[in-house]
Amino acid sequence: MITGHFFAAGADRRIAITIFILLAAAIIVPLLNLAVSPTSAFYIPSYIVALTGKYLCYALLALALDLVWGYCGILSLGHGAFFALGGYAMGMYLMRQIGSRGVYGNPILPDFMVFLNYKELPWFWTGFDHFWFAAIMVLAVPGLLAFVFGWFAFRSRVTGVYLSIITQAMTYALLLAFFRNDMGFGGNNGLTDFKDILGFNVQADATRSALFAASAVMLALAVFVTWAIVGSKYGKLLMAVRDAESRTRFLGWRAENVKLFAFTVSAVMAGIAGALYVPQVGIINPGEFEPSNSIEVVIWAAVGGRGTIVGPIVGALLVNAGKSWFTGLLPEFWLFALGGLFVAVTLFLPKGIVGMWDSWRGNAKAMRAAAIAEEAGADPDVPPPPKIVRSAATTPGAWSASGPEPQPAE
Amino acid sequence: MILLRALGLMLVFLMASLLPSNAAEADLRAIIAKFATGTGFSAIEAVVRELAATGDPLVERPLAALAEGNLYIRKADSMVFVGNEAGDSVSLLDPLSGEKTGDAAKTDITKIKVNNTLRRVIRDALGTLTLRAKDPSVRIAAADTMFKTPDAANIEPLDAAIAAETDAKVKALFEQARAASVLVSDKPEADKLAAVALIGARGDRDALSLLTAVEANAQGAVKDAATAAIASINSSLALWDAGQNIWYGISLGSVLLLAAIGLAITFGVMGVINMAHGEMVMLGAYTTFVVQQVIRTSFPGLFDWSLVIALPLAFLVAASVGLIIERGVIRFLYGRPLETLLATWGVSLVLQQAVRSIFGPTNQEVGNPSWMSGSFDVGQLAVTWNRLWILVFALTVFGVLLYVMKRTPWGLQMRAVTANRRMAASMGIRTPWVDALTFALGSGIAGIAGVALSQIDNVSPNLGRGYIIDSFMVVVFGGVGNLWGTLVGAFSLGIVNKVLEPYAGAVLGKIVVLVLIILFIQKRPRGLFALKGRAVEA
Numbered sequence: 001m002i003t004g005h006f007f008a009a010g011a012d013r014r015i016a017i018t019i020f021i022l023l024a025a026a027i028i029v030p031l032l033n034l035a036v037s038p039t040s041a042f043y044i045p046s047y048i049v050a051l052t053g054k055y056l057c058y059a060l061l062a063l064a065l066d067l068v069w070g071y072c073g074i075l076s077l078g079h080g081a082f083f084a085l086g087g088y089a090m091g092m093y094l095m096r097q098i099g100s101r102g103v104y105g106n107p108i109l110p111d112f113m114v115f116l117n118y119k120e121l122p123w124f125w126t127g128f129d130h131f132w133f134a135a136i137m138v139l140a141v142p143g144l145l146a147f148v149f150g151w152f153a154f155r156s157r158v159t160g161v162y163l164s165i166i167t168q169a170m171t172y173a174l175l176l177a178f179f180r181n182d183m184g185f186g187g188n189n190g191l192t193d194f195k196d197i198l199g200f201n202v203q204a205d206a207t208r209s210a211l212f213a214a215s216a217v218m219l220a221l222a223v224f225v226t227w228a229i230v231g232s233k234y235g236k237l238l239m240a241v242r243d244a245e246s247r248t249r250f251l252g253w254r255a256e257n258v259k260l261f262a263f264t265v266s267a268v269m270a271g272i273a274g275a276l277y278v279p280q281v282g283i284i285n286p287g288e289f290e291p292s293n294s295i296e297v298v299i300w301a302a303v304g305g306r307g308t309i310v311g312p313i314v315g316a317l318l319v320n321a322g323k324s325w326f327t328g329l330l331p332e333f334w335l336f337a338l339g340g341l342f343v344a345v346t347l348f349l350p351k352g353i354v355g356m357w358d359s360w361r362g363n364a365k366a367m368r369a370a371a372i373a374e375e376a377g378a379d380p381d382v383p384p385p386p387k388i389v390r391s392a393a394t395t396p397g398a399w400s401a402s403g404p405e406p407q408p409a410e
Numbered sequence: 001m002i003l004l005r006a007l008g009l010m011l012v013f014l015m016a017s018l019l020p021s022n023a024a025e026a027d028l029r030a031i032i033a034k035f036a037t038g039t040g041f042s043a044i045e046a047v048v049r050e051l052a053a054t055g056d057p058l059v060e061r062p063l064a065a066l067a068e069g070n071l072y073i074r075k076a077d078s079m080v081f082v083g084n085e086a087g088d089s090v091s092l093l094d095p096l097s098g099e100k101t102g103d104a105a106k107t108d109i110t111k112i113k114v115n116n117t118l119r120r121v122i123r124d125a126l127g128t129l130t131l132r133a134k135d136p137s138v139r140i141a142a143a144d145t146m147f148k149t150p151d152a153a154n155i156e157p158l159d160a161a162i163a164a165e166t167d168a169k170v171k172a173l174f175e176q177a178r179a180a181s182v183l184v185s186d187k188p189e190a191d192k193l194a195a196v197a198l199i200g201a202r203g204d205r206d207a208l209s210l211l212t213a214v215e216a217n218a219q220g221a222v223k224d225a226a227t228a229a230i231a232s233i234n235s236s237l238a239l240w241d242a243g244q245n246i247w248y249g250i251s252l253g254s255v256l257l258l259a260a261i262g263l264a265i266t267f268g269v270m271g272v273i274n275m276a277h278g279e280m281v282m283l284g285a286y287t288t289f290v291v292q293q294v295i296r297t298s299f300p301g302l303f304d305w306s307l308v309i310a311l312p313l314a315f316l317v318a319a320s321v322g323l324i325i326e327r328g329v330i331r332f333l334y335g336r337p338l339e340t341l342l343a344t345w346g347v348s349l350v351l352q353q354a355v356r357s358i359f360g361p362t363n364q365e366v367g368n369p370s371w372m373s374g375s376f377d378v379g380q381l382a383v384t385w386n387r388l389w390i391l392v393f394a395l396t397v398f399g400v401l402l403y404v405m406k407r408t409p410w411g412l413q414m415r416a417v418t419a420n421r422r423m424a425a426s427m428g429i430r431t432p433w434v435d436a437l438t439f440a441l442g443s444g445i446a447g448i449a450g451v452a453l454s455q456i457d458n459v460s461p462n463l464g465r466g467y468i469i470d471s472f473m474v475v476v477f478g479g480v481g482n483l484w485g486t487l488v489g490a491f492s493l494g495i496v497n498k499v500l501e502p503y504a505g506a507v508l509g510k511i512v513v514l515v516l517i518i519l520f521i522q523k524r525p526r527g528l529f530a531l532k533g534r535a536v537e538a
């Protein structure tokens, strides 16, 4: 039924194109990597496949953040935590697949546990030798954490910067916890040295291509789900909470439940992104919990355009491509560039690339319509038909407060 | 001729009066030489006693060597040497100065043999020597060693030393060392009971371990007394431990207060989340580093004043950077706190990388002035001077800031803007100026916090990162816009953190604190001391 709605509405053309591009990439890129001879001009080297696969995971993470930030006004500075938790769940499965091929050759215990003198598998590692169990955990662990955290936070109406800070504290606490050796998650070194996923060698080109395709398909699915959520009646409510939470509450809606749903869905999406990320990069360690990582995700979404579906994907791809380029050529200047990007985007590009594109095109369209109307001799006073903007926020400045002056924190 | 001889004599006398130690050394050498002439243990014992009677610390080397069987006589000229065996040959050292004088084959020298009686005589002599040393710290160290390695043979020299001792503190230590020795001797029970009482009164960990050993070995009343003493020591030690933890907590609290207080102002008055606050702290620390570098190269005499010089400079540096940030970036983002957060994060990245490019990524060495190094004891508490000074400094900064906020026109304007911006503007307060200066003030205070933190933390480009989350926790916990809230928040978080640490470990303690704060914010979303207002919410 939803698909019917999708096609009947003509969707947003942009969403349809994005999904189409992603699905096409999921087929074509592996083909060009595997079936084309390395000497051909169309050949895509394996490292590019792995790199873009990684970027797609980042894009999925950025999209997840955009769902809560762009559409619900919750600036989470802890989304990296959900990403890392999903990654750890996948990493635990991959660790168990190593079997007796580890350095110590223990058939049950991963290397680091042998090293740390574990006698048996900790209880929370049971079940991770099955892929289905790990897959459920990839969804359940971040989702549950987000649900519990959000349930407490939204119920007591922690909003705005306070929420941002405590989400940051959450990921910081998890960072400290996962650094501990006796947590049973590999401590400082994390989980690495993976061999197989579902019986296929993680390092093999075919597996890498399959993982790339899985990431692209998953991202396409996430785009569709986000579009469905945002376009639904619930999506309207989400944006109402974003723009005027008190008013929504006074109208009789439970703002905290609206937020909680978006936050949980978003966390699950972030978890999936992490689970796809880990086999492609081959390691997961506590560094993924760094608060700075989570803040970087925010800038991806901001660069691309928050409150749009395509924006965060574009932003994540652009910023990360820029990062790879910079760190290769001018490693000294990457932080300058990133810092400058933060400042420039917030000052000059508050709607992001996609948002700017939209408003520029909106203006052009309006002008063209006015010109046509004038030529036709019609009454120029009649405004052009209002453009229906489904998603983009009209003025981001208007979201948070009344006027352009400081508001004392309360 | 006579004249010449007289002159020569005078010269000799002059030399002798100028170098009295040489004369004493010659005497000692004469006594040591007797080792070669005397035969039998009794003769050697007499020489040892004679050496000990001189009371000269120089005799320690030959006596210790003798006790270990390392004193040799060269057969050719009957000279006495301290020898180090190395394979077939022995390297010979001068018995007094310890300088190497040559090597000898084992066949060319004879070892001076010692037996157990002689060893005890030597050890007593050595013990008496250190117990009578002129330097009190040597005597204290000797008493300490004797306390930790009690031996019935120590009682006699200790008795003598106690009688001769004038310093009350050292005397008490001697008595404790004697008591420890009494407990391992075969003295009557009454003496031992007194000794247990004396050691129990000492009350530290050494006393505890000693009494535990006594409890295991002794019987009857002594054992009971030891058990009771152990119990009382344990309970007093637990108290001291708690005190120590609370002191550490207060110290951590003062650090948190310094780091957070500037944030409290900017956040409270302007609602601006300044993620670059930690970098202001870092700038202050680097200013201290630069000041110290200049002083080291140009004015070494001023080193003790380096921090005092660095304070205003750090304030100026951080405040002007803060002013630039406010005028250049934050001004355009008022009313959009989340965007401000992102923009200032970007600024913090730029500042970090700038410092990294200029000074390099490694830790910089910032020295402690003499008045900030070292420590002193309060009971069983060790208090380091730098921690104490930082506490004093934090409270001073707090007091000055409180005065500025409550008693100056500027503070009045700041508070007016916090309470009701539009009304304040209507009354003629130039709110943009207040904003800019408030931000500069908050940044400047972060800068001087950096001066203090450079004394206890590594000065690296990442210095600020470590403090930013903790500072936010303090401000959010204490309640925004209230300096007292920040004070209470800083000290309670510091103390809770340090009190939890022994039970949960450093990392877990910190996690527990973070979780507690997250839960606390659920209960009181506006912090401990929230400003009262009528607005529904921002």
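Keeping their order, the protein sequence lines are chains A and B. Mapping to UniProt numbering: the first sequence position 268 is 268, numbers consecutive. Mapping to UniProt numbering: the second sequence position 329 is 329, numbers consecutive. Cβ coordinates follow ideal geometry from the N, Cα and C atoms, glycine included.
Practice prompt. Taking 7 Å as the cut-off, decide whether the C-beta atoms of VAL82(B) and ALA65(B) are in contact.
Written response: yes
Worksheet item: In terms of DSSP beta bridges, what is GLY73(A) paired with?
Response: GLY73(A) is not bridged to any residue.
Worksheet item: Anyone know if the C-beta pair for ALA316(A) and TYR58(A) falls short of 7 Å?
Response: yes
Item to complete: Could you name the residues of chain B that ALA255(A) contacts, counting a contact when the two beta carbons are closer than 9 Å?
Response: Per Cβ cutoff of 9 Å: no residues; ALA255(A) is ~11 Å from chain B at best.
Worksheet entry | CB contact flag (ALA354(B), PHE342(A), <7 Å) | no
Discussion item. Could you check whether VAL417(B) and residue 546(B) sit closer than 7 Å to each other, using their CB atoms as the reference points?
Written reply: Any property of residue 546(B) remains undetermined from this structure, which presents chain B solely from 1 to 538.
Item to complete: Give me the Cα-Cα distance between ARG306(A) and SER359(A), rounded to the nearest whole angstrom.
Response: 14 Å
Worksheet item: Using a C-beta cutoff of 7 Å, does VAL265(A) count as contacting chain B?
Response: no
Practice prompt. Find out if the Cβ-Cβ distance for the pair SER137(B), ASN154(B) is shorter than 7 Å.
Written response: no
Discussion item. Suppose you measure from the CA of ALA371(A) to the CA of LYS365(A); what does that come to, to the nearest Å?
Written reply: 10 Å
Fill in: Whole-angstrom distance between TRP325(A) and ALA25(A), CA atom to CA atom
22 Å
Item to complete: May I ask you to report which of helix, strand or coil DSSP gives GLY428(B)?
Response: coil
Worksheet item: Just how far apart, CA to CA, sit ALA319(B) and HIS277(B)?
Response: 11 Å
Item to complete: Would you mind telling me which residues of chain A sit closer than 7 Å to SER357(B), beta carbon to beta carbon, in chain order?
Response: GLU332
Practice prompt. For ALA173(A), go through chain B and note every residue whose CB falls closer than 7 Å to its CB, in chain order.
Written response: ILE511, LEU514, VAL515
Worksheet entry | alpha helix (DSSP H) segment containing ASN33(A), residue limits | 13-34
Worksheet item: Are there 16 or more other CB atoms within 10 angstroms of the CB of LEU276(A), so buried, or fewer, so exposed?
Response: buried
Worksheet item: With 16 as the cutoff for other CB atoms within 10 Å, does HIS130(A) come out buried or exposed?
Response: exposed
Worksheet item: For the stretch 324-354 of chain B, which segments carrying the alpha helix (DSSP H) assignment without a break, of at least 4 residues, lie completely within its bounds, in sequence order?
Response: none
Practice prompt. State whether the stretch 492-507 of chain B contacts the stretch 272-286 of chain B, with contact taken as three or more CB pairs (one from each stretch) at a distance under 8 Å.
Written response: no
Worksheet item: Relative to chain A, which residues along the stretch 317-349 of chain B have a C-beta separation below 9 Å, given in chain order?
Response: GLY328, VAL329, ILE330, PHE332, LEU333, TYR334, GLY335, ARG336, PRO337, LEU338, GLU339, THR340, LEU341, LEU342, ALA343, THR344, TRP345, GLY346, VAL347, SER348, LEU349
Worksheet item: For chain B, is any of its Cβ atoms less than 7 Å away from the one on VAL36(A)?
Response: no
Item to complete: Answer yes or no: do THR159(A) and LEU77(A) have a C-beta to C-beta separation smaller than 7 Å?
Response: no
Worksheet item: When burial is assigned at 16 or more other CB atoms within 10 Å of the CB, is GLY485(B) buried or exposed?
Response: buried
Worksheet item: Closest Cβ-Cβ distance between ARG247(A) and chain B: below 7 Å?
Response: no
Worksheet item: Going along chain A in order, which residues have a C-beta closer than 8 Å to the C-beta of LYS523(B)?
Response: SER156
Fill in: Option nearest GLY87(B) by Cα separation, candidates SER78(B), THR107(B), ARG74(B), ALA76(B)
THR107(B)
Item to complete: Establish whether the CB of ARG13(A) and some CB of chain B are separated by less than 7 Å.
Response: no
Worksheet item: Is the CB of ILE353(A) under 7 Å away from at least one CB in chain B?
Response: no
Discussion item. Under 8 Å, with one C-beta from each stretch per pair, do the stretch 447-454 of chain B and the stretch 303-318 of chain B reach the 3-pair mark?
Written reply: yes
Worksheet item: Is it true that the CB of PHE112(A) sits closer than 7 Å to the CB of GLY184(A)?
Response: no
Worksheet item: What is the DSSP secondary structure of VAL161(A), counted as helix, strand or coil?
Response: helix
Practice prompt. Output, in sequence order along the chain, the residues in the stretch 225-248 of chain A whose CB is closer than 8 Å to any CB in chain B.
Written response: GLU245, SER246
Worksheet entry | Partner residues on chain B for MET269(A), Cβ-Cβ distance less than 8 Å | Under the 8 Å cutoff, chain B gives no residues; its nearest Cβ is about 21 Å from MET269(A).
Worksheet item: Are GLY243(B) and LYS498(B) closer than 7 Å when you measure CB to CB?
Response: no
Worksheet entry | Where MET427(B) falls, given that 16 or more other Cβ within 10 Å makes a residue buried | exposed
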